[in-house]
Structure formats: structure tokens, C-alpha cells
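Protein chains in written order, with the UniProt record's numbering: chain H, 1 to 357; chain L, 1 to 357. C-beta atoms are modelled at their ideal positions from N, C-alpha and C, and glycine is treated no differently. Nothing here was measured: the structure is a model prediction, and the numbers come from that model.
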DNA sequence: TCGCTTAGATTAATCGTTTAATCAGCGCTT
DNA sequence: AAGCGCTGATTAAACGATTAATCTAAGCGA
């Protein structure tokens, strides 16, 4: 009942077993030379007391905190849950904790966030850069998750191939008139996705591109995208570069009386949480975040372990600290749900208004 | 150019200034007795070298890691970005880092996640419990964010009052026939919201409740909720307990040809990221996460500072470690957008099919 | 001038772990 | 029998910051 709840430490185990603290340390870490018999007794006692090494003590001695930083340019990103979950899981499996940093959407603060993480003594940093941003050499091991076409990228989904998945799926359904919906043309990720789609479309296929941010900067935030008019012009396939845009497209079309998928098909990217909850459920392309996180963490810990902790981080001989993954490009998966269907027959190219039920 | 990039430490500053390390420590922390003149010189030198105290060294000595744990039952929760951002910001202002823990939706793993955080030496834990879950005494300072009606709650939004906001808004618009859409009846938060709504509705008002999970367990996942039929039966106001359900309702209604907000109004809760991006933009109730996080963190750090680090955490005299906030209940804000409008006139109670444009 | 207080600094111990260096036996070889 | 090599353990020195205890003058009143 009156169990002393002080976390046990090495020397407590040591005195209890009448050995030295060093021996206990050696026994538990498997290093040094300890007889198997004694090692077993030590392990037993440690387990009995529920011993857990003090991170602070260990960190001080080894110079390793066993903590990674995770920085996203905009933590409000709807993908954040997926990313954080995957990174946390992979990191935890590798023995690391994950410290989050927020730059609140401010590009300048990204540097400050990184700085803060370093001040807290993280061993490395996983960074998902804001679109277009290059990550400079920050003096810590770092893994970059962006897009395969970004220089300095460690690992990411194969957005291009994801785009091809979308294109082929829609092509197979008979669609011949596309509208590609992107948000911001400065994004590598979005450009890859769009590039992938276009790479699969024969020259005979019509494919316009609509950049939402550009459009909004002219017509105001939350303005109509004029998608119903596009349908009247013959567009039957709306391929958005993110589920967010796809949802916007879907609701705008539905509100205008265009039936999805009967009159037009809609696809997205990322499989955000609500994509399967809406009516009709969204056809989308999912990235294998678990695999990506796995690659990122293992590449990152390789860099961390490679660098000598006693290293003065001097001028010479400092290899780049940005991690390179074994498999830098992870395939995406097409998730076919209900917003995609066969292209409407040519005859009813202009869908009748008021057609319902 | 060949600047030694080793992080400077106290003794480096000390030897450089020909004083003792203790004096440097005292000068920088403002404790102890140091002449103002010397203190100034020390601060200057520290700034010049970009000195940052080693967290490991400090943690070892003081027993404080300056790190908080954040545990959510399900990190995939779409509210997570908002929460994480707010908590991180408040914690950062209070000098804490935030370590995330994921229990991957598994209730049993929640305990393990907490354990892991403690092993990493966090000073305290912020926990948003899974619906219905009680947080047992975990032996660390803890702040609980759930609902005001939850025993042991530290701080949360005033979900009841939020519900009242919704009810009054819809009442003002002339609605007299409500359908309340919840997800799971075991959730304190959802019950509070629904309770708040109902508390404002006179007895003359019809208000049914639809629990989505219960409904789905009978009709399969992603099934139709039969909302269009409800409209035919006279319902004009759909008040969902979360934006996720509201979105589902909205798309189902739109798909069935019900015009929102002309034929029916829809409201949600939480103001999730996409709520303003859809057409029509969703009327919802937002919680003031910044204020909530602020309260949680300040209450938590009060508990942390109150406990004696040298405390053996023995049997006696251990006050409860769950933090109590000054203002445990933070008002919510109604965000009126486009999914709510005046109730349709009695005459057109049954909306004509195919009415459009 | 002595003694006392006090400002301003230093000493040294401590937190818990790791690890290089050392040491004590013991069995074997030559 | 002296010396060598090996095993299984111990010693002691870090890592970097904090802080209680101590020390040294200087200032001041009596």
C-alpha cells in the first residue's frame, strides 16, 4: 500500500542486488561483460520494480534525446491527423517520441519552429514543407516529405502515378471531357498529380485546368466555380487534386442539380476522413501514409545513428543531413466509391434542368 | 567561418568571462545574488553565443522536462488539427513542448499511451478522453478536456450553451419541426449539445433524435438516413451534433433534390476546416479552442508547479492531480453561413420534386 | 578596532546513465 | 613458477545545469 512510488533507478537495483550500478546498466543494455546468471537476476529485479531508465539522465550522457520533431507548415491541414498518426506510430516503433511544432501557416515561423525543436534537443526532424518552400540545411538530421519531384525530398507518395490511376479510371468509364481542379499552381504535389493525369490523356481528350486560388483571387473567397456551366459545355469528369476541392465541386454540382455520378463524375485525392461519409461517397486516391512514415523514420534514424554524437559539427566532413529513403516514392491506391460512374451518353450531353428523382 | 558549432554551455560562458558556472546560471535565471553589472555582461555574452540551456541537463537536475503529453483517443479525429494547434500554442507560450501520443482508437491502448508518455518523463498530460471513458488517477498532473457535465473535467466548451445557440437561431428563422442528428448516445459532448438544443424548444415543437451509429448498426455502414422522407413529413430543420454528420445530411438532402436552405436548414458543430468551403457553406457552432487550451495549460502548469519535485509521491497528502481551471466552461460561437434560412411557408410543406433552377 | 551583517561571488554536491579504464581472480602455457 | 589472457566485475569520470553551503571582503555601528 505504502509503496514508495519513486521511479526506481539503476543504483536502487544495484544496491538491492549488491552489485554496482555499472553492472546493472551493462546487463540491461547487453553491452559490457556480465555473466548470464547475474544478468538474468538483474533483468528480473528490474522488471519487478518496473524500472524505466530516466530519459533525462540518458540524454545527458549520450547526447541523444530519443525525440523527433514533426513540423508542418500548416498544422490546420486536414491531412494532419493521418500524417501525425502514421509518423507517431513509426517513430514509436523506432523508439522515438514525437514533438509537434506549429508554424501557424506562417512561412517565416517555420524557421522559428525548427529552431525551437532544436533547442529542445530533438535528434532529428520530419518536415512536410509548405508548397514551394525549400528546406535549407538546418544543421540537424531531417527527413523531408513532399513530392518525388522536389529536390531534397526524402520520401513521399507517388503523386504522378496517383494521377495516372485517376485518369485511367475515368478513361475506362468512357469520359472524354475533363476538368482538372487544382488549388495552387505553386504546389509540387498538386503539379505532380495533375501531370500524372494529363500524361495519360490522349491528345484527343479535352482537359482544362481550374486553379481555385487564382479563381478566387479574382472573384472573391468561396465564390462559385461555375462547374454547372462546364457540364453544359460537355465536361463529364471533374478530377480534383484534393478531397477538399472535390467536396467543393461535388456540393456545387449537386446544388445546381447536376446528378453525380449520373451526369458527371468527381474524384479527389487523399481520402480525408469524411470522404466515405458523404452522399455519394467520394472516389479518391489514398496515399499509404504508414509506408511513407516508415520510410521517413527509418531513413532519418539511419542518419541520426550515422552521425557521431561527439562530432563538433565542424566545417569539414559534414555530410548532408537530409535523409534518403530506400524507396523514396510510394505508390498510391485508387479507392473507387460512388462519385464516379460511366460517362453519360453523348445524346444527353446537355443535361436537362429539373431532371430529378 | 570555422565557427565551432558545438552548442555553448554554461561553463564555456563562465571561462570566457572568467567567472564560475554557478554565477552564470544565477545571472541568467535571475536567482541568487549577482551584481547587475556582471549579470549584464553575462547576458550579453550568452546572447552573443546564442546560448540555449541543455534541456537534458536541466531536466536531470530539476526533475522537470518542460514537456507535456497530449493524448487523444483517436488521433484521426478531424478536430485534431484545431486541438493540436491550440494546445501547442498555449503550451509553447507557457514554456512547454508537446509530445503526441496515439491510442489508435483503441481504448485499451490509451493506458499504454499514457504510460509511454510518463516513461518519457512528461511533466503533465492533456487528455481528451474517448466518449464515456473516465480517466483514472494516473499519478501525473493531468488536464481533462471533455464536457462540463463530465466529472473530473478540467475545461471544455459549453456544449449546452452551444446547443441553445443553434436552437434559438433556427427558432428565430421560423422552424418548428426539428430533427436532431447525433452519432453516439454514449458521448457526453453530444448529449450536452442535444440537451442544450432541446432545452430551448417549447413543448409545441416537434423534435426527433436520430443516432447515426445506432441506425447504421441496423442498416449497414454508410446507409441512407432517410432524411428526404423526413422533409416530406414536415421536418425543416436538421441540427447535427457535428459537422461530419451535418455534411452527411447536407449531401444526402442535396442528392435527393432537397434544396438547402430553401426547403430545409442544416446546422453542424465544430467548424471543421471544410465547412466554409462547401456549397452552401455550413452554418455551425465553433468552440474557442484557443481559450480552452489556454485554460487547460494554465491549470495544468499550476498543478505541476504546486507539486514538490522531491515529493516521493507517497501515500498520504497527495492531492488530486487533475487540474481545475478558473473558467471550466468556455462559451461557443454561432457561425451563420448559408445552410440555414427561413423556414419554408406552411403551404409548401411537401416540397415538389423536380423544383430547380 | 572589533564584531556583525551583507553583497557578491565560488565550491561542491547532485540528478541518473553510460563507458572507458582498471582490477581481481583463475586457468593455462612454457 | 612466473607470466599471459580471459572473464566478470568495479571505479570513476563524465554529460550540463541547479542550488545549498561556504567563503571573502567591504561596510557600518558601537
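With a Cβ-Cβ cutoff of 7 Å, do residue i and residue j count as a contact?
| i | j | result |
| --- | --- | --- |
| residue 117 (chain L) | residue 101 (chain L) | yes |
| residue 243 (chain L) | residue 284 (chain L) | yes |
| residue 304 (chain L) | residue 141 (chain L) | yes |
| residue 143 (chain L) | residue 299 (chain L) | yes |
| residue 270 (chain H) | residue 79 (chain H) | yes |
| residue 60 (chain H) | residue 57 (chain L) | yes |
| residue 343 (chain L) | residue 175 (chain L) | yes |
| residue 237 (chain L) | residue 276 (chain L) | no |
| residue 161 (chain L) | residue 331 (chain L) | yes |
| residue 135 (chain H) | residue 129 (chain H) | yes |
| residue 110 (chain H) | residue 73 (chain H) | yes |
| residue 99 (chain L) | residue 99 (chain H) | yes |
Is it buried or exposed, residue i, if we count other Cβ atoms within 10 angstroms and call 16 or more buried?
| i | result |
| --- | --- |
| residue 230 (chain H) | buried |
| residue 107 (chain L) | exposed |
| residue 40 (chain H) | exposed |
| residue 48 (chain H) | exposed |
| residue 358 (chain L) | Residue 358 (chain L) lies beyond the residue range present for chain L, which begins at 1 and ends at 357; the question has no answer from this structure. |
| residue 263 (chain H) | buried |
| residue 248 (chain H) | buried |
| residue 139 (chain H) | exposed |
| residue 218 (chain L) | exposed |
| residue 204 (chain L) | exposed |
| residue 202 (chain L) | exposed |
Within a Cβ cutoff of 6 Å, which residues of the same chain sit near residue i, ignoring the five residues on either side of it in sequence?
| i | result |
| --- | --- |
| residue 187 (chain H) | 131 |
| residue 26 (chain L) | 32 and 34 |
| residue 86 (chain L) | 289, 290 and 293 |
| residue 261 (chain L) | 339, 340 and 341 |
| residue 159 (chain H) | 147, 189, 192 and 193 |
| residue 19 (chain H) | none |
| residue 281 (chain H) | 337 and 338 |
Excluding sequence positions up to five away, which residues of its chain have a Cβ less than 7 Å from the Cβ of residue i?
| i | result |
| --- | --- |
| residue 113 (chain H) | 71, 101, 102 and 103 |
| residue 194 (chain L) | 163, 180, 182, 209 and 241 |
| residue 95 (chain H) | 66 |
| residue 24 (chain L) | 10, 13, 14 and 42 |
| residue 52 (chain H) | 7 |
Does the CB of residue i have a neighbour CB from chain L at under 7 Å?
| i | result |
| --- | --- |
| residue 141 (chain H) | no |
| residue 279 (chain H) | yes |
| residue 8 (chain H) | no |
| residue 288 (chain H) | no |
| residue 269 (chain H) | no |
| residue 64 (chain H) | no |
| residue 232 (chain H) | no |
| residue 300 (chain H) | no |
With a threshold of 8 Å on Cβ separation, who are the neighbours of residue i within its own chain once the five nearest residues in sequence on each side are excluded?
| i | result |
| --- | --- |
| residue 368 (chain H) | Any property of residue 368 (chain H) remains undetermined from this structure, which presents chain H solely from 1 to 357. |
| residue 328 (chain L) | 148, 153, 154, 155, 156 and 295 |
| residue 197 (chain H) | 163, 164, 166, 167, 178, 180, 207 and 239 |
| residue 267 (chain H) | 166, 169, 170, 237, 238, 239, 240, 246, 282, 283, 284, 285, 339 and 340 |
Any Cβ of chain H within less than 7 Å of the Cβ of residue i?
| i | result |
| --- | --- |
| residue 339 (chain L) | no |
| residue 294 (chain L) | no |
| residue 239 (chain L) | no |
| residue 317 (chain L) | Confidence at residue 317 (chain L) is low in this model, with a pLDDT of 44, below 50, so the placement of that residue should be treated as unreliable; the coordinate-derived value is given next. Closer than 7 Å: no. |
| residue 211 (chain L) | no |
| residue 248 (chain L) | yes |
| residue 60 (chain L) | yes |
| residue 120 (chain L) | yes |
| residue 16 (chain L) | no |
| residue 192 (chain L) | no |
| residue 102 (chain L) | yes |
| residue 226 (chain L) | no |
Give the range of the alpha helix (DSSP H) segment to which residue i is assigned.
| i | result |
| --- | --- |
| residue 133 (chain H) | Here residue 133 (chain H) belongs to no alpha helix (DSSP H), and DSSP marks it neither H nor E. |
| residue 15 (chain L) | 10–17 |
| residue 211 (chain L) | Not the alpha helix (DSSP H): residue 211 (chain L) falls in the beta strand (DSSP E), residues 206–211. |
| residue 248 (chain H) | 243–255 |
Which residue comes first and which comes last in the beta strand (DSSP E) that contains residue i?
| i | result |
| --- | --- |
| residue 182 (chain L) | 177–182 |
| residue 196 (chain H) | No beta strand (DSSP E) holds residue 196 (chain H); the alpha helix (DSSP H) holding it covers 188–200. |
| residue 100 (chain L) | 97–102 |
| residue 238 (chain H) | 237–240 |
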